[in-house]
Amino acid sequence: MATAPEKRLAPLRTPTSLSEDATRDVSAALTTLLADVFALYIKTKNFHWHVSGPHFRDYHLLLDEQSAEILAMTDLIAERARKIGGTTLRSVGQISRETRVADNDADYVDPLDMLAELREDNNDLVGRMRELHDLCDEHGDIATASLLENWVDETEKRVWFLFETGRRGNV
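Take the numbering used here: the last position of the sequence shown gets the number 186, and nothing is skipped along the way.
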């Protein structure tokens, strides 16, 4: 029987019916996705806090709504990685190392450029979620695939809203 100190040092081994390869591959991909989602959340909040101009109120509210939706994904992503027997993010440093979302800490960004940049970041996120969905299909992880389908839909809606909000005339 394991002692209390041994139990504290034991690896996290959540029981799962997925294979070891599935646990390793899908949880690693979920962790990278989580880093991207956190980075996109911070970027969206940054633009929310720093937007200015004649459409301030509309853009400010849109970006606040979108950042809340993005943040809501984070716990579900992390918990899914743990449910299937993997681990997930442990620090801000790990987010910084793993994210594929480019920072924008410029002193000033034109509001329409903010919308365009976030539109592209969200569109890239859709592509990454589709790739992860394919990986889930390869490993028979239907639960993660199902979550991804909802997140893809939400993210495509953000892309649509950012596109329509940033349109200049009939272009």
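Glycine residues also receive a C-beta, built at the ideal position from the N, C-alpha and C atoms.
Exposed unless 16 or more other CB atoms sit within 10 angstroms - verdict on residue i
{"i": "Gly68", "result": "exposed"}
{"i": "Ala54", "result": "buried"}
{"i": "Lys172", "result": "exposed"}
{"i": "Tyr123", "result": "exposed"}
{"i": "Phe71", "result": "exposed"}
{"i": "Ser111", "result": "exposed"}
{"i": "Thr136", "result": "The identity of residue 136 in the sequence shown is Asp, whereas the question assumes Thr. Counting Cβ neighbours within 10 Å, Asp136 comes out buried, since at least 16 surround it."}
{"i": "Ala44", "result": "buried"}
Residue i and residue j closer than 8 angstroms at C-beta
{"i": "Val41", "j": "Asp156", "result": "yes"}
{"i": "Leu77", "j": "Thr159", "result": "no"}
{"i": "Trp175", "j": "Met144", "result": "no"}
{"i": "Leu104", "j": "Thr59", "result": "no"}
{"i": "Leu49", "j": "Ile92", "result": "yes"}
{"i": "Arg97", "j": "Leu162", "result": "no"}
{"i": "Phe62", "j": "Leu133", "result": "yes"}
Residue i to residue j span [Cα, whole Å]
{"i": "Gly184", "j": "Leu177", "result": "14 angstroms"}
{"i": "Thr38", "j": "Ile99", "result": "6 angstroms"}
{"i": "Val66", "j": "His154", "result": "43 angstroms"}
{"i": "Val52", "j": "Met88", "result": "8 angstroms"}
{"i": "Tyr56", "j": "Met16", "result": "44 angstroms"}
{"i": "Gln81", "j": "Gly101", "result": "28 angstroms"}
{"i": "Leu127", "j": "Tyr74", "result": "9 angstroms"}
Residue i, enclosing alpha helix (DSSP H) - first and last residue
{"i": "Leu147", "result": "Pro126 to His154"}
{"i": "Gly181", "result": "Ile157 to Gly181"}
{"i": "Asn119", "result": "Run containing Asn119: none; DSSP gives neither H nor E here."}
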